[in-house]
Amino acid sequence: MDRTIWWDSPAGRIGLVDQTLLPARYEAIACADIDALVEAIRVLRVRGAPALGVAGAYGVALAARTVEAPSFEGYLSRVREASARVRSARPTAVNLAWGVDRVLAAIGEASAVEEVQSRTLAEAERIAEEDLAMCRALGALGAALLPDDATVLTHCNAGALACVGWGTALGVVRSAVEGGKRVSVIACETRPLLQGARLTAFELRRDGIPVTVCPDSAAALLMREGGIDAVIVGADRICRDAVFNKVGTYMHAITARHHGIPFYVAAPSSTLDPIHCGAEVEIEERGRDEVACLCGTPSVPDGVPVRNPAFDLTPLELVTAIITERGVFRDPANLFSP
Ligand code: MRU
754 MDRTIWWDSP AGRIGLVDQT LLPARYEAIA CADIDALVEA IRVLRVRGAP
804 ALGVAGAYGV ALAARTVEAP SFEGYLSRVR EASARVRSAR PTAVNLAWGV
854 DRVLAAIGEA SAVEEVQSRT LAEAERIAEE DLAMCRALGA LGAALLPDDA
904 TVLTHCNAGA LACVGWGTAL GVVRSAVEGG KRVSVIACET RPLLQGARLT
954 AFELRRDGIP VTVCPDSAAA LLMREGGIDA VIVGADRICR DAVFNKVGTY
1004 MHAITARHHG IPFYVAAPSS TLDPIHCGAE VEIEERGRDE VACLCGTPSV
1054 PDGVPVRNPA FDLTPLELVT AIITERGVFR DPANLFSP
């Protein structure tokens, strides 16, 4: 499968699959400057925590190529300013800030513009390669948790489209299928932006993995009916006491616990944030129209307020295990130990 985000070397810009066009069109766009990248992140042309980490990383490399200043010190401070704009384009997925910070740190004691450019690009490329490798590794670890014939319920899109490739929750599914297991997926549609219906269904169908889409509100009934062996989701940030992921994840975790179904979170270690969540993490609140308009037609009366939080937090006691590239953690206390 092609990559979701990459560095276009000859042109010196970022290439990415424009996910707002899916499932109708699978098309790439180029981000040639920081404005274009920030816009792509805000409107979810590129999305999903691991892919955002790589977007942040490439964003610093792009800044290093596109900003100008009369002095080297001025150049460095413009690279940092542009990087800070990328870093704050969306607040909840920790990977975005992590990717930006890691590439900024790689500048180190560089003393010339060309050196900054080569160091930032090399580090960003390393991050992209690592992302693929982490997804492969956690996929293999997670696959071992599934029975030979498994039906997995997932929410949002934690697939190849949310990473450089392979995926986290869907990486587990892909690895299980690769290993000979028969896995089918129930994809919750994921109101309001339909990442499950549009993206998860698109990529699984393309790969020949059986997938059925259901409204988010049908998940409890399907779990009650039996036949769901596991719920597997990705994560935008895993703290010491909670997992942040697409809004709706929390209700699936509660429902899975009620029905005795294992609830797994699959994420690379770039998603770990060793804080207690408290009030520190900003849950992105998105625009009214995402909820109040259906296909351009108002679906909520004028004047009626709407809430549109993009993420929720699930207490770790509802999580059966967290699957990272380093192992399967049934005791979250071990997640943050070295
Ligand atoms: O708003 P999105 O589409 O960026 O939200 C994405 C999710 O919530 C994913 O589940 C999460 O980032 C994990 S992706 C491997």
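Heads up: the sequence shown runs through residues 754 to 1091, numbered per the numbering used here. C-beta: ideal position from N, C-alpha, C; glycine also. All of these numbers come straight from a predicted model, not from anything done at the bench.
| Query | Result |
| --- | --- |
| Buried/exposed call for Val1057, threshold 16 Cβ in 10 Å | exposed |
| Sequence-distant residues of its chain with Cβ nearer than 8 Å to Leu957 (five each side left out) | Gly912, Leu923, Val926, Val938, Ala940, Pro963 and Val964 |
| Arg889 CB to nearest heavy atom of the ligand MRU below 6 Å | no |
| Whole-Å CB distance - Gly809 paired with Val853, under 8 Å assumed | 4 Å |
| CB contact flag (Phe997, Leu1066, <7 Å) | yes |
| Local conformation of Met754 per DSSP, three classes | A caution first: Met754 carries a pLDDT of 47, below 50, which makes its placement in the model too unreliable to give a value. |
| N-terminal and C-terminal residue of the alpha helix (DSSP H) that Cys888 is part of | Val866 to Ala896 |
| N- and C-terminal bounds of the alpha helix (DSSP H) containing Ser937 | Element bounds for Ser937: not the alpha helix (DSSP H) but the beta strand (DSSP E), Arg935 to Cys941. |
| Start-to-end residues for the alpha helix (DSSP H) that takes in Tyr1017 | Unbroken run through Tyr1017 is the beta strand (DSSP E), Phe1016 to Ala1019; no alpha helix (DSSP H). |
| Interface flag, Arg818 vs chain C, CB-CB below 7 Å | Structure shown: chain C not included; a single protein chain is present. |
| Cutoff 6 Å; reference Trp759; Cβ partners in own chain excluding five residues on either side | Gly768 |
| Residues near Cys944 by beta carbon distance below 7 Å, same chain, minus five either side | Here residue 944 turns out to be Arg, not Cys, going by the sequence shown. For Arg944, where only same-chain residues beyond five positions count, the Cβ hits under 7 Å are Asp969. |
| Residues of its chain near Ala1093, where Cβ-Cβ distance is below 8 Å and the 5 sequence neighbours each way are ignored | As displayed, the chain neither begins before 754 nor continues past 1091, which places residue 1093 out of reach and without an answer. |
| Same chain, Cβ closer than 7 Å to Arg993, five either side skipped, listed in chain order | Pro1027, Ile1028, His1029 and Phe1089 |
| First through last residue of the alpha helix (DSSP H) which encompasses Ala1086 | Neither: Ala1086 is in no alpha helix (DSSP H) and is coded neither H nor E. |
| Selected residue, minimal CA-CA separation from Ser871, among Pro823, Arg1083, Arg818 and Ala897 | Arg818 |
| Delimiting residues of the alpha helix (DSSP H) encompassing Asn848 | Val847 to Ile860 |
| DSSP-derived helix/strand/coil call for Gly806 | helix |
| Val770 vs Asp884 beta-carbon contact at 7 Å | no |
| Where Arg990 sits in the DSSP three-state scheme | strand |
| Inter-stretch contact at 8 Å, needing at least 3 Cβ pairs: the segment 975–986 / the segment 841–850 | no |
| Segment contact flag, the segment 822–836 with the segment 778–785, C-beta cutoff 8 Å, min 3 pairs | no |
| Helix, strand or coil at Gly801 [DSSP, three-state] | coil |
| Buried or exposed (CB count within 10 angstroms, at least 16 for buried), Ala915 | buried |
| Residue range of the unbroken alpha helix (DSSP H) whose run includes Arg778 | Per DSSP, Arg778 belongs to no alpha helix (DSSP H) and is neither H nor E. |
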